[in-house]
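Residue numbers (the numbering used here): 103 to 280.
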């Protein structure tokens with residue numbers, strides 16, 4: 103018996119498809135797909151969530167001082183002229199950051215091997231690139247998804263059969279995070 107489904111694709115196409123579907127499942131919470139794809143997605147997603155649950159509290163909080171450019175009312179950097187050159191003015195700010203332990207850093211890198219980068223576009227001004235935000239999916243796994251499944255031993259996803267697709271009669275399912 104085979105270890106995985108080939109899904110009628112070459113290996114690079116299959117890996118891209120599964121990475122995309124897993125990223126969307128973890129970002130949106132549920133997706134609609136075929137049964138064969140859902141069973142493959144489930145394996146990958148559950149491994150990532152288990153990894154996040156295991157390493158979610160494995161960090162220390164550190165206070166650092168950072169130079170941040172001073173900004174005016176419009177959000178532009180404040181510049182002053184010194185020796186005929188424009189120089190940006192900086193403020194020193196103390197910030198608290200999370201410093202990952204080596205095992206959590208390794209887990210984060212393992213997640214980033216699977217997950218695609220996600221760019222969040224606001225509802226208004228869809229045509230403009232302004233105000234788009236990059237979502238850190240590894241941080242979302244550690245901070246939002248892992249605490250929900252802290253006391254659960256596996257079984258983080260659920261597959262619900264919807265029915266056959268109209269075009270090719272493939273069984274469609276809804277895969278969602280429990």
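Glycine residues also receive a C-beta, built at the ideal position from the N, C-alpha and C atoms. Just so it is clear, the structure is predicted and the values come from calculations on it, not from any experiment.
- Which residues in the same chain have their Cβ closer than 6 Å to the Cβ of residue 202, if we skip the five residues on either side of it in sequence? As a first step, residue 202 must be located in the chain shown, where it is residue number 100. Within the same chain, Cβ atoms closer than 6 Å to the Cβ of residue 202 are found at 161, the five residues on either side in sequence being excluded.
- Message: Please give me, in chain order, every unbroken run of the alpha helix (DSSP H) with length at least 4 that falls completely inside the stretch 193 to 264.
- Response: Entirely contained in the stretch 193 to 264, the alpha helix (DSSP H) runs reaching 4 residues are, in chain order, 204 to 216 and 239 to 242.
- Buried/exposed call for residue 213, threshold 16 Cβ in 10 Å: As a working mapping, residue 213 is identified with position 111 in the chain shown. Answer is buried; the Cβ neighbour count reaches 16.
- Item | Neighbour-count burial assignment, residue 139, 16 or more Cβ in a 10 Å radius | As a first step, residue 139 is located in the chain shown; it is residue number 37 there, counting from the start. Classification for residue 139: buried.
- residue 147 by DSSP, collapsed to three states: which one? Stepping through the chain shown from its first residue, residue 147 is reached at position 45. Judged by DSSP in its simplified three-state form, residue 147 adopts helix.
- Taking the DSSP output, what are the residues bridged to residue 279? As a first step, residue 279 must be located in the chain shown, where it is residue number 177. In the DSSP output, where bridge partners are listed per residue, residue 279 has 259.
- Can you give me the Cβ contacts of residue 172 inside the same chain, cut-off strictly under 6 Å, excluding the 5 residues immediately before and after it? Within the chain shown, numbered from 1, the residue matching residue 172 stands at position 70. Within the same chain, residue 172 has close Cβ partners 180, 191 and 193.
- Exposure label - residue 216; buried when at least 16 CB within 10 Å: Your numbering for residue 216 matches position 114 in the chain shown. So residue 216 ends up on the buried side.
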